[in-house]
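Asker: The working numbering applies: residue 9 is where the sequence shown begins, and numbers increase by one.
For every residue, glycine included, the Cβ atom is placed at its ideal position computed from N, Cα and C.
One structure, pasted below without further comment.
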Amino acid sequence: LQNLPVVFALDRAGLVGADGPTHHGTFDFAYLRHIPNMVVMAPKDEAELQHMLKTAIEYDGPIALRYPRGEGIGAQIPDELLSLPIGKAELIKDGNDILLLAIGSMVYPAIQSAENLEKEGISTAVVNARFVKPLNRDLIIPLAKRIGRVITIEEHAVSCGFGSAVAEMITEQDEFADIQIKMLGLPDQFVEHGDHKLLLSKYGLTSEGITQSAIQMIQIESQILNLSS
Numbered sequence: 009l010q011n012l013p014v015v016f017a018l019d020r021a022g023l024v025g026a027d028g029p030t031h032h033g034t035f036d037f038a039y040l041r042h043i044p045n046m047v048v049m050a051p052k053d054e055a056e057l058q059h060m061l062k063t064a065i066e067y068d069g070p071i072a073l074r075y076p077r078g079e080g081i082g083a084q085i086p087d088e089l090l091s092l093p094i095g096k097a098e099l100i101k102d103g104n105d106i107l108l109l110a111i112g113s114m115v116y117p118a119i120q121s122a123e124n125l126e127k128e129g130i131s132t133a134v135v136n137a138r139f140v141k142p143l144n145r146d147l148i149i150p151l152a153k154r155i156g157r158v159i160t161i162e163e164h165a166v167s168c169g170f171g172s173a174v175a176e177m178i179t180e181q182d183e184f185a186d187i188q189i190k191m192l193g194l195p196d197q198f199v200e201h202g203d204h205k206l207l208l209s210k211y212g213l214t215s216e217g218i219t220q221s222a223i224q225m226i227q228i229e230s231q232i233l234n235l236s237s
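Right under this line is the structure:
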């Protein structure tokens, strides 16, 4: 209401493995993105985390930054920090057959999945959303309309999460019925205790799981077209 410059730093975002089921951070997108004036962002790696921290400190309004437990992936730390444009996503790779729209820790699995899909002859676009709110409408909508198949990927509950926000935005558009959307994330339940990598694999949030979901999406569409012809 007062639009004060407050920074919310959300540690242990996503699945936390050894910390136990009470420490999973899987609902923060849901309880933050509906708040007016709130900015919500998640970095793909430790380098982008530093840029986002600078962005958050300089932003004149409420802003939330979520980051996972544990070590980074080994990204090179920048010598100079940049203030990121609010709501600006990163187009990592363009493609024509399917769009992988990932946030935070799921960006690198999406990149690996795109490489796997290219080997199968599936031209794949990858976007690092960076922001859950506001979404980069000017980038995402044209890509979704042109490609027609979108998979959102998040280490968060699907219900009221990043994928839900993308679906809401897309359904506001004309001709949205021509766009297929599949949301990958965590189910509407409390996730059990377990090894982080094993839990990601169980819920399809690995490069292999994303690849399988993308291939299934294309195969189902092909089957429907064959039945209707």
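1. On the DSSP bridge list, what partners appear for T132?
2. Whole angstroms is fine: what's the gap from H42's alpha carbon to L73's?
3. For G156, which residues from the same chain have a beta carbon less than 7 Å from its beta carbon, with the 5 sequence-adjacent residues on both sides left out?
4. Can you list, in chain order, the residues of its chain with a C-beta nearer than 8 Å to that of M177? Leave out the 5 residues immediately preceding and following it.
5. On the three-state DSSP scale, how would you describe Q231?
6. Give the straight-line distance between the Cα atoms of N124 and Q10, rounded to the nearest whole angstrom.
7. What residue does the beta strand (DSSP E) around K141 start on, and which one ends it?
8. Who are the near neighbours of V166 in its chain, counting only those whose CB is closer than 8 Å to its CB and skipping five residues on each side?
9. Use the C-beta contact count for Y75: other C-beta atoms within 10 angstroms, 16 or more gives buried, fewer gives exposed.
10. Give me the residue from L18, E56 and S215 with the minimum Cα distance to R77.
11. For V14, count neighbouring C-beta atoms within 10 Å of its own C-beta (all shown protein chains included) and say buried if the count is 16 or more, exposed if not.
12. Let's see if you can read the secondary structure: which residues bound the beta strand (DSSP E) around K190?
13. So V134 and L108 are supposed to be a Cβ contact under 8 Å. How far apart are they, rounded?
14. Pull up the distance between the alpha-carbon of I94 and that of V47, whole angstroms please.
15. Restricting to runs no shorter than 4 residues, where is the alpha helix (DSSP H) found entirely within the segment 143-183?
16. Mind checking which residues open and close the beta strand (DSSP E) that includes I100?
17. Quick check on the DSSP output: the alpha helix (DSSP H) that includes I119 runs from which residue to which?
18. Which stretch, first to last residue, makes up the beta strand (DSSP E) that contains A26?
19. Please state whether DSSP places A21 in a helix, a strand or coil.
20. Which same chain residues end up closer than 7 Å to L89 when comparing Cβ atoms and leaving out the 5 residues on each side of it in sequence?
21. Is the separation between the beta-carbon of L208 and that of L23 shorter than 8 Å?
22. What does the alpha-carbon distance come out to for the pair T160 and V174?
23. Using CA coordinates, which residue listed in A55, Y67, D53 and G28 is at the minimum distance from F16?
Answerer: So, from the listed chains and residues:
1. Residue numbering aside, residue 132 sits at position 124 when the sequence shown is read from its first letter. For T132, which the question treats as bridged, DSSP gives the partners I106.
2. What you label residue 42 is simply residue 34 of the sequence shown in a count that begins at 1. What you label residue 73 is simply residue 65 of the sequence shown in a count that begins at 1. Near 15 Å, if we compare the C-alpha coordinates of L73 and H42.
3. On the sequence shown, position 148 is the one that residue 156 refers to. Around G156: D186, I187 and Q188.
4. Translated into the one-based positions of the sequence shown, residue 177 becomes position 169. Excluding sequence neighbours, M177 sits near L143, R145, I148 and I149.
5. One-based indexing of the sequence shown puts residue 231 at position 223. Note: Q231 maps to helix in three-state DSSP.
6. Within the sequence shown, residue 124 is the residue found at index 116, counting from 1. Within the sequence shown, residue 10 is the residue found at index 2, counting from 1. Spanning the two alpha carbons is a distance of roughly 47 Å.
7. In the sequence shown, the residue the question calls residue 141 occupies position 133. Its beta strand (DSSP E) spans residues F139 to K141.
8. Position 158 of the sequence shown, counted from the first residue, corresponds to residue 166. Cβ neighbours of V166 beyond the five flanking positions: S172, M191, L192, G193, L194, P195 and D196.
9. Taking the first residue of the sequence shown as position 1, residue 75 is located at position 67. Burial call: buried.
10. Counted from its first residue, the sequence shown places residue 77 at position 69. The residue with the shortest Cα to Cα distance from R77 is L18.
11. Mapped onto the sequence shown, residue 14 falls at position 6. Counting Cβ neighbours within 10 Å, V14 comes out exposed, since fewer than 16 surround it.
12. Counting from 1 along the sequence shown, the entry for residue 190 is found at position 182. Note, K190: beta strand (DSSP E), Q188 to L194.
13. Looking up residue 134 in the sequence shown gives position 126. Looking up residue 108 in the sequence shown gives position 100. Sure, about 5 Å apart at Cβ, within 8 Å.
14. Position 86 of the sequence shown, counted from the start, is the residue given in the question as residue 94. Position 39 of the sequence shown, counted from the start, is the residue given in the question as residue 47. Going from the Cα of I94 to the Cα of V47 covers about 8 Å.
15. 145-155 and 170-179
16. Counting from one through the sequence shown, the residue named residue 100 turns up at place 92. Note, I100: beta strand (DSSP E), E98 to K101.
17. Here residue 119 is taken as the residue at index 111 of the sequence shown, counted from 1. Taken as a continuous stretch (DSSP letters only), the alpha helix (DSSP H) holding I119 covers V115 to K127.
18. Within the sequence shown, residue 26 is the residue found at index 18, counting from 1. Counting along the chain, A26 sits inside no beta strand (DSSP E), nor does DSSP assign it H or E at all.
19. By 1-based counting over the sequence shown, the position of residue 21 is 13. Reduced to three states, the DSSP call for A21 is coil.
20. Against the sequence shown, residue 89 aligns to sequence position 81. Excluding residues within five positions, the ones whose Cβ falls inside 7 Å are Q58, H59 and K62.
21. Numbered from 1 along the sequence shown, position 200 holds the residue referred to as residue 208. Numbered from 1 along the sequence shown, position 15 holds the residue referred to as residue 23. Yes, the pair counts as a contact, with Cβ atoms nearer than the cut-off.
22. Numbered from 1 along the sequence shown, position 152 holds the residue referred to as residue 160. Numbered from 1 along the sequence shown, position 166 holds the residue referred to as residue 174. In a straight line, the C-alpha of T160 is about 8 Å away from that of V174.
23. As a working mapping, residue 16 is identified with position 8 in the sequence shown. The shortest C-alpha separation from F16 is found at Y67.
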